[in-house]
Amino acid sequence: MNRAQRKLHKSSRCILKNRQMAKNVFLLPSAAGVVLFVLLPFADVSRRSFTTAVTGEFCGIDNYQAVFANEAFRLAVLNTLRFTGVGVPLLLAVSLLLSVMIYELPWAHVLKSAYLFPLAVPSATVVLVWKILFHRQGMLNAWLVSVGKTPVDWLGSDASFWVLIISYLWKNLGYTMILWLAGLSYIQKEQKEAAMADGATSAKCFWYVVFPQLKPMLYTVTVLSLINSFKVFREAYIVAGAYPQQRLYLLQHLFNNWFTNLDVDKMAAAAVCTAIVLTLLELLLQRAWEDK
Amino acid sequence: MKMSKKGIGIFAAAAAAAIVCMPIVMVALGSLKSGNELADSLRPVLSEGGTDVFIRWKLLALYPTLRHYIRLLVWTPDFFTVFWNSVKMTVPILAGQLFAAVPAAWAFAAYTWKRKHAVFTLYVVLMLLPFQVTMLPSYLVVQRLHLLDTHAAVILPAVFSTFPVFMVYRSFTAIPKELLEAARVEGAGETAVFLKIGVPLGSPGILSAAVLGFLDCWNMIEQPLAFLKEKALWPLSLYLPNVQAGQAGISLAACVITLIPAALVFLLGQDYLEQGITAAGIKT
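Chains as they are written, first to last, in this note's numbering: chain A, 58 to 349; chain B, 365 to 648.
Listed below in structure tokens is the structure:
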């Protein structure tokens, strides 16, 4: 290595070091906040999950056993799984269907705004409307009776599950559609036209031409829909309170009620379990759908 | 035949859009109804006793009136306190989120470093965790800092949400790396590259993170419910459901006024919101 080369080598190392420094400075505010406000306290909570709430003595996995034996916990887990398992796929499917229907329309953007608007509507704003629609004496039942069906107690029976699903779809349809529409806009018209010219039906064209090209988006769309699915608690809580009809009792309700009763030990154990499950789910989604 | 199929599709899409907007229209027009009219038509829904009468809700008011708005804005000083509470929490959260998240997103998008993938995955996991899971950890910190029952208890944990990092990151990654290199060759420092290239080109992502952040804060329920025992500190989103049944008119008017800032932000930011969400979905 001659002197000039060495100098160049040194300066490029200097640049790299400089960049690492810059990266650290950029990351610092967020990372420090995350460590102080989330990671460290969460570590403390994990520690507490192995101790008793009152005396703080080590108690092994007692709290975990108590949580899993808890009737309310099982109910809440089941309800949450059921809601997520039905709600998220349904949202993805309905929003994709609507997106495919409108994306070639000249006035698609007007419809898009209409679908997106509920995102801006605070949950509290529509509580009264939800009651007007879904109450035992509400509009939906009035309509059911007028067409000769038996009325359903939408908020007071297991049918409340569907009210939750509807309010989730209502709120998030537009958001998810924008994601799909973005994906659809990248698909070349020629490809579709070629498939149609070869005699493919529109359903076949969708499955073999359009859908495979949307697949890379599945990861982001699912993650974002999942995040939004947890927020459905707001509607459920405002409409039905801390102890709603059995089907509506989600993990969020349970955490809230434990929090109110200061059941710190159970809460800690359940928080650790939920965090583990969600971490595994995220890794699974990443492995399955995210292209590197 | 094919045309008619398409026609059905368009009709269904338009009908779905109308249904989606219906609840908002019902609230807005309902707030113009007189107290008596509201009480009459809401009786089957709001009275506890089992009646057999179904609700009859007409879209348009019989005698439109602005009385509820006047009563709310002139005679209900509480409402201003609560409205102001919402503002006092939303603005610092948004400012803090952007201050922390935008540079962090840049660190993820513009540089290569060891364990970047692992740290980013951690950020994604944190953004997936619902508030209830982080409620106890946040509570413990806030308690230790003696901030319970202050707005800071809601603001501080919310500032370090990792969701905006994700949104902004995706729009930063769309910026071609060559552009950054070119600027560096021209002698631009790392800060200049960030401020003069990253921020302007990533602005759709930044603005859409801000719009989504605003809508989410304005609708905050869980956080104030957990950290604010004092009702005088509550934001609009928690105050609204507490308006009594007999005051449906005022309640509807309050709903509309709560909706106005959110609707304005939404309408002003919609283009950026769409671009930002799009950037989040499409990987380049």
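No residue lacks a Cβ here, since even glycine has one placed at the ideal position from N, Cα and C.
Could one say the Cβ of residue i lies closer than 8 Å to chain A's Cβ atoms, at least one of them?
i	result
B/Tyr-636	no
B/Ala-378	yes
B/Val-518	no
B/Glu-550	no
B/Trp-470	yes
B/Phe-447	no
B/Val-532	no
B/Ile-646	yes
B/Ser-398	no
B/Cys-385	yes
B/Ser-395	no
B/Ile-419	yes
Tell me the DSSP secondary structure of residue i in three-state form.
i	result
B/Thr-555	helix
A/Phe-115	strand
A/Thr-108	strand
B/Pro-564	helix
B/Ser-450	helix
A/Gln-245	coil
A/Asp-320	coil
B/Asp-513	coil
B/Leu-406	helix
B/Asp-442	helix
A/Trp-346	helix
A/Phe-83	helix
A/Asn-75	helix
B/Gly-569	helix
A/Gly-4	With chain A running from 58 to 349 in the structure shown, residue 4 of chain A is simply not present.
B/Val-532	helix
B/Gly-640	helix
B/Ala-378	helix
A/Ser-68	helix
B/Leu-632	helix
B/Phe-495	helix
A/Pro-208	coil
If you measure from the beta carbon of residue i to each beta carbon in chain B, is any gap under 8 Å?
i	result
A/Glu-128	no
A/His-66	no
A/Tyr-294	yes
A/Ala-177	yes
A/Thr-331	yes
A/Val-280	yes
A/Ser-87	yes
A/Trp-346	no
A/Glu-339	yes
A/Met-158	yes
A/Val-184	yes
A/Phe-312	yes
A/Gly-213	no
A/Leu-308	yes
A/Leu-305	no
A/Val-111	no
Going by alpha carbons, who is nearest to residue i out of the options?
i	options	result
B/Ile-519	B/Trp-582, B/Leu-402, B/Val-488 and B/Arg-420	B/Trp-582
A/Gly-117	A/Ser-286, A/Asn-318, A/Lys-323 and A/Thr-331	A/Lys-323
B/Gly-562	B/Ala-482, B/Thr-537 and B/Ala-574	B/Thr-537
A/Ala-89	B/Tyr-487, B/Ala-590 and B/Val-391	B/Tyr-487
A/Ser-180	B/Leu-631, B/Glu-638, B/Ala-618 and B/His-481	B/Ala-618
A/Met-274	B/Ile-641, B/Glu-542 and B/Pro-599	B/Ile-641
A/Ala-150	A/Leu-226, A/Val-209, A/Leu-197 and A/Lys-261	A/Leu-226
B/Pro-540	B/Val-629, B/Met-491 and B/Tyr-475	B/Tyr-475
B/Ala-643	A/Thr-277, A/Phe-287 and A/Leu-135	A/Thr-277
A/Thr-48	A/Pro-86, A/Leu-96, A/Phe-99 and A/Ala-123	In the structure as shown, chain A begins at 58 and stops at 349. Residue 48 of chain A is therefore absent and cannot be evaluated.
B/Leu-458	B/Tyr-533, B/Pro-387 and B/Leu-579	B/Leu-579
A/Leu-337	B/Phe-447, B/Leu-402, B/Leu-492 and B/Arg-407	B/Leu-492
A/Met-158	B/Asp-442, B/Ala-381, B/Ala-465 and B/Leu-565	B/Ala-381
B/Gln-496	B/Pro-428, B/Ser-572 and B/Glu-586	B/Glu-586
With hydrogens ignored, establish whether the beta-carbon of residue i is closer than 7 Å to any heavy atom of the ligand SAH.
i	result
B/Thr-429	In the structure on display, the ligand SAH does not appear, and there are no ligands present to speak of.
Inset, instruction - Quick one: which unbroken alpha helix (DSSP H) runs of 4-plus residues sit fully inside the stretch 282-315 of chain A? Chain order, please. - result: 289-297
Inset, instruction - Select from the stretch 612-624 of chain B all residues with a C-beta closer than 9 Å to any C-beta belonging to chain A, and list them in chain order. - result: Correct list: Ala-612, Ser-615, Leu-616, Ala-618, Cys-619, Val-620, Thr-622 and Leu-623.
Legend entry - Residue ranges of each alpha helix (DSSP H) within the stretch 138-201 of chain A, 4 or longer: 165-173 and 184-191
Inset, instruction - Identify every run of the alpha helix (DSSP H) within the stretch 572-630 of chain B, keeping only runs that are complete inside it and at least 4 residues long; order them along the chain. - result: 586-591 and 600-603
Legend entry - Proximal residues, the stretch 90-104 of chain A versus chain B, C-beta separation under 7 Å: Gly-90, Val-91, Phe-94, Val-95, Pro-98, Phe-99, Asp-101 and Val-102
Inset, instruction - With a floor of 4 residues, list each alpha helix (DSSP H) that falls wholly inside the stretch 446-493 of chain B, ordered by position along the chain. - result: If we require 4 residues or more, the alpha helix (DSSP H) runs fully inside the stretch 446-493 of chain B come out as 480-492.
Legend entry - Cβ-based contacts, 9 Å cut-off: residues of the stretch 256-268 of chain A near chain B: Ser-259
Inset, instruction - Check each residue of the stretch 430-446 of chain B: if its Cβ is closer than 8 Å to any Cβ of chain A, include it; give the result in chain order. - result: Under the 8 Å Cβ criterion, the stretch 430-446 of chain B contributes no residue.
Inset, instruction - Run through the stretch 218-276 of chain A for me and flag every whole alpha helix (DSSP H) of 4 or more residues, listed as ranges in chain order. - result: 246-254, 259-262 and 268-271
Inset, instruction - Taking only beta carbons into account, state which residues of the stretch 483-500 of chain B come closer than 9 Å to chain A, listed in chain order. - result: When CB distances to chain A are screened at a threshold of 9 Å, the residues of the stretch 483-500 of chain B falling below it are Val-483, Thr-485, Leu-486, Tyr-487, Val-488, Val-489, Leu-490, Met-491, Leu-492, Leu-493, Pro-494, Phe-495, Gln-496, Val-497, Thr-498, Met-499 and Leu-500, in chain order.
Legend entry - Within 7 Å of chain B by C-beta, residues of the stretch 141-172 of chain A in sequence order: Leu-155, Met-158, Ile-159, Leu-162, Leu-168, Ser-170, Ala-171 and Tyr-172
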